Structures are given as C-alpha cells and as structure tokens.
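Undergrad: Under our numbering, think of the first position of the sequence shown as 5, with each following residue one higher. So that we are looking at the same thing, I have put the structure below in structure tokens.
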Amino acid sequence: MATSDKLETEQPRRCPGMKADGSPCRVPSEMLLASGWCLLHDPARGADRTGNATLGGVKAGAKRRKGLDPDALGKLETPEDAMRISARLTIAAATGELAAPQVNAALSAVKEWRKAYEADVLDKRLDELERRGAR
Ligand SMILES: [Zn+2]
C-alpha cells in the first residue's frame, strides 16, 4: 500500500511540548494540530494550560505577599545583622508572613553573605598578621 510506504519513510510527528515532569509530550501524531503541537502545548492556544494555571496561582500568591518591610528589616552589614535577619525570616516563615520559597531564598542569600563576610574578615586578619610579621 502506498500509504504504509509513506509512513515508514516519514519521521513520526511529535509534539515539541514537555509534560509537567519534563518528559517529552507523547500525544500520538494523528492527534497533533496543523502547527505540529498537540492541543495542550500549542503556543497559539496559550501553551500548557495546566502549567499556566499553576504558575498564575504562584504569581498571584507572590503578589499578595508584599514581603518584609526593608526599613524594619534594617541593613545587612555585620554578622549580628545577619543573625537578626535570619531570626526575622524564620519567624516570617513560621507565621506564614512569607512563602517558604521566599524565606529559603533569603536565608540562603544571608548564608552566602556570611560566608563572604567571614572570608573577607579572615583575609584582612591574615594581611594584618603578615604585615606585623614583616616588621
Ligand atoms: Zn503536547
């Protein structure tokens, strides 16, 4: 049959979309739209609708939460500041004032800051010791 010959030589069409778990979309080629996408992933139809709905919900949640007041939080200049801010963030997480991903991002930023601060302080102390030793 002419049609089966044609099917063998042609690559089966696949939707370029991804499923929520990151694996390729497996919608059968006969269900793909003219654009080559399946109904769910066609960008002209608003891409992955379920994905958008989830993302929209997250964004709306983030918008409702204003975050912490920068004036109340204060500056991050000393290890004491870092401890104060970490404590404040922990309370914000416990009370639901901030979303967990926000708190985690902020806490890891404070941690990075402390690492950099400590490395900087050690560097300066080492410089000082070297200067004294050179005398
Ligand atoms: Zn698809």
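Virtual Cβ for every residue (Gly too), placed ideally from N, Cα, C. This structure is a prediction, so every number in the text was calculated from the model and none was measured.
Hey, is the region 108-120 in contact with the region 80-94, meaning 3+ C-beta pairs nearer than 8 Å?
TA: The region 108-120 vs the region 80-94: in contact.
Undergrad: Mind checking V125: buried by the 16 CB within 10 Å criterion, or exposed?
TA: Result: exposed.
Undergrad: Ligand 1 and L77: does any heavy atom of the ligand fall closer than 7 Å to the residue's C-beta?
TA: Answer for L77: no, Cβ out of range of ligand 1.
Undergrad: Among G26, L72, R88, which has the Cα closest to the Cα of G100?
TA: Answer by Cα proximity: L72.
Undergrad: Any chance the CB of W117 is under 7 Å from a heavy atom of ligand 1?
TA: No, the beta carbon of W117 sits no closer than 7 Å to any heavy atom of ligand 1.
Undergrad: Around ligand 1, what residues have a beta-carbon under 7 Å from a heavy atom of it, in chain order?
TA: Here the residues come out as C19, G21, C29, V31, W41, C42, L44, H45.
Undergrad: Determine the extent of the alpha helix (DSSP H) in which P28 is found, giving its start and end residues.
TA: From DSSP, P28 is part of no alpha helix (DSSP H); its letter is neither H nor E.
Undergrad: With DSSP as the reference, identify every bridge partner of M22, one or two as the case may be.
TA: Its beta-bridge partners are P28.
Undergrad: Considering Cα atoms alone, identify which of R30, P20, L93 is closest to S39.
TA: Closest option to S39, Cα to Cα, is P20.
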